[in-house]
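Q:
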């Protein structure tokens, strides 16, 4: 976005910079958690890393063992490496959602009603898709 | 763009291959703006799809974990490089990539 030399222009630039740092922090957190989870999984399932089991066999059960938040939290608290990976992935998915939410605040600060409306619409759609995702399962 | 979204959710591709040409050719945006905007759009739309896949138990951490880690590292390096390469080369790279991906899809679809 093009901002002017005015004090509020610089303020907006700093806010946009803050949002981008938060996004990057989110991705770095997610990457760290996922790598930790992969390491933990390698330790907990040595058969996966020394070639005695194939990917197809591991996935043969069809549905992933993690499909709700309670599954993931219970798994993480129990130290399950796969659950930790899943948690990292959920953090990653949450990053753009957070970015959209923060953008609403930024556009509201700039008194840009059209984009506040558009961005709120996007956020509502995102949250709806999370809620409605279970339909028919 | 609407088609891009439907294709993305249905096939699981980012559909950047549809959005970038749309922005570059039809809207005449600078190519770097197109690729960066397309990337951001994919992040948001992928988040929506991911929520649905997760609820249906379609995300297997065995595969998704290493893929996500690799993509995060690669994407960081790639977007850093974006600032330093001339737009001319980015367009060429994109065309080459499109060709490879189309050929691959064709082969998978026809010669299963």
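Protein chains in written order, with the numbering used here: chain L, -11 to 125; chain G, 12 to 123. Glycine included, every Cβ here is placed at the ideal spot set by N, Cα and C. Remember, it's a predicted structure, so these values are computed and weren't measured experimentally.
Give the straight-line distance between the Cα atoms of residue 57/G and residue 32/L, rounded to the nearest whole angstrom.
A: 30 Å
Q: Check residue 60/G in the structure and name its three-state DSSP category.
A: helix
Q: Answer with yes or no whether the minimum CB distance from residue 34/L to chain G is below 8 Å.
A: no
Q: Determine contact between the region 101 to 108 of chain G and the region 41 to 54 of chain G, defined as no fewer than three beta-carbon pairs at a distance below 8 Å.
A: Result yes; three or more Cβ-Cβ pairs closer than 8 Å.
Q: Chain G beta carbons: is any one of them nearer than 8 Å to that of residue 121/L?
A: Yes, residue 121/L lies at the interface with chain G (some Cβ there is under 8 Å from its Cβ).
Q: Measuring only between beta-carbons, confirm whether residue 76/G sits less than 8 Å from chain L.
A: yes
Q: Going along chain G in order, which residues have a C-beta closer than 9 Å to the C-beta of residue 192/L?
A: Any question about residue 192/L goes unanswered here, given that chain L covers just -11 to 125.
Q: Only counting the same chain, and skipping five residues up and downstream in sequence, which positions put a Cβ closer than 6 Å to that of residue 63/L?
A: Counting only Cβ-Cβ distances below 6 Å, and skipping sequence neighbours, we find 71.
Q: Since residue 14/L and residue 62/G should fall inside the 8 Å C-beta cutoff, what is the C-beta to C-beta distance between them, to a whole number of angstroms?
A: Incorrect: roughly 16 Å between the Cβ atoms, too far for contact.
Q: Drop a sphere of 10 angstroms on the beta-carbon of residue 99/G, count the other beta-carbons inside from all chains shown, and report buried for 16 or more, exposed for fewer.
A: Looking at its Cβ environment, which holds fewer than 16 other Cβ atoms inside 10 Å, residue 99/G is exposed.
Q: How far does the alpha helix (DSSP H) with residue 119/G in it extend, from its first residue to its last?
A: Where residue 119/G is concerned, the enclosing alpha helix (DSSP H) stretches over 98 to 121.
Q: Is the Cβ of residue 149/L closer than 8 Å to any Cβ of chain G?
A: What the structure shows of chain L is the stretch from -11 to 125, and residue 149/L is not part of that stretch, so it cannot be assessed.
Q: Does residue 121/G pass the burial test, meaning 16 or more other C-beta atoms within 10 Å, or should it be called exposed?
A: exposed
Q: Would residue 70/G count as contacting chain L if we go by Cβ distances under 8 Å?
A: yes
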